[in-house]
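In our numbering, the protein residues as written are -13 to 292.
Below is one structure, written out as structure tokens; comments come after it.
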Ligand code: ASP
Ligand code: MG
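The structure is reproduced here in structure tokens:
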């Protein structure tokens, strides 16, 4: 594992004031919009028996899954709160959001992408009875509002002019036929405004139409940055979830509460998404490398002292 000289760490941190100010403003605005729209703010979980399998996912590159024992029980570190979100909106409230620390130990080869971090924060949210289009419209509305509010605070990037445009939507299969299998890396450099990508084959919890095989999911791509949000309408039917878990060789034991609720018909239709805070911040700050917006950077393959 590579380590930087300690002195570099102090210099680096001292230079972060501009970013931390911008981050505070963005977090204040975003949390206000969610509260104003009637979302309940829940706090994150870090250790749990259940977390996002992050598999299968075309964009995944996981070196190691963090699992250990406490009180004689095996727990995992949160990769995303997807399961907790679905359970919360099914059982007690219709709209939730959280700022969730996600640990995804990316392969060290991702050190120089400038887009990956092994710890990042996701503004993760879920809405009972929402359709995909409701989530897409909501996200466009709050992000455009954020850009207007930032401009009023004297923060301007020419890309923010995109608030006047319609954000185009493409099917991942069409994008793949143009840019090839590695389209995720290429797309960000081909776009001038944010674009939505739909129908991405991935984890069991995203809804897949059993007749057409199409996935009812959506990712938002930012120019120069790449995927800043991923989300979907959720799969809630027991037989469908089991079928996909078997197909993907996912261990059912790790999802017992979700499966139990599903079997009893207690999972509610819902949809949601998560916004990567560091990537959003990097785009707004005009930083090419997401590690530059973290006060204590978490670059794949690099373990700093702080
Ligand atoms: N936040 C995502 C979702 O809501 C899950 C993920 O982290 O990929 O689907
Ligand atoms: Mg996912």
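Just so it is clear, CB atoms sit at the ideal spot from N, CA and C, and this is done for glycine as well.
Quick caveat: nothing in here was measured; it's all calculated off a predicted structure.
Counted as a single uninterrupted DSSP element, the alpha helix (DSSP H) harbouring residue 162 occupies residues 158 to 165. Nearest neighbour of residue 125 by Cα position, chosen from 7, 137, 207, turns out to be 207. Annotation note: the region 246 to 275 contains the following uninterrupted alpha helix (DSSP H) runs of length 4 or greater, listed N- to C-terminal: 263 to 271. Cβ-Cβ distances below 7 Å link residue 71 to 82, 110, 112, 258 in the same chain, with the five nearest sequence neighbours on each side left out; the list follows chain order. Between residue 174 and residue 212, the gap from beta carbon to beta carbon is short of 7 Å. Within the region 17 to 97, the complete alpha helix (DSSP H) segments of 4 residues or longer fall at 68 to 77, listed in chain order. A residue is called buried when at least 16 other Cβ atoms come within 10 angstroms of its Cβ; residue 203 meets this threshold and is buried.
Assignment of residue 219 by DSSP, reduced to helix, strand and coil, places it in the strand class. A distance filter of 6 Å between CB atoms and the heavy atoms of the ligand ASP selects the following residues in sequence order: 38, 66, 68, 108, 110, 216, 217, 218, 258, 259, 260.
Here the C-alpha atom of residue 37 lies approximately 6 Å from the C-alpha atom of residue 65. Going by DSSP, residue 184 is part of the beta strand (DSSP E) stretching over 181 to 184. Boundaries of the alpha helix (DSSP H) around residue 170: 169 to 173. Among the bridge pairs identified by DSSP, residue 114 is matched with 256. By the neighbour-count criterion, in which 16 or more other beta carbons inside 10 Å mark a residue as buried, residue 283 falls on the buried side. Taking a C-beta distance under 7 Å as the contact criterion, residue 47 and residue 92 qualify as a contact pair. When beta bridges are read from the DSSP output, residue 213 appears opposite 207. The beta-carbon distance between residue 231 and residue 190, rounded to whole angstroms, is 5 Å. This is short enough to meet the 8 Å contact definition. Annotation for residue 225: the continuous alpha helix (DSSP H) segment containing it runs 224 to 233.
Taken through DSSP and simplified to helix, strand or coil, residue 14 comes out as helix.
Residue burial is scored here from C-beta neighbours: residue 220 has at least 16 other C-beta atoms within 10 angstroms and is therefore classed as buried.
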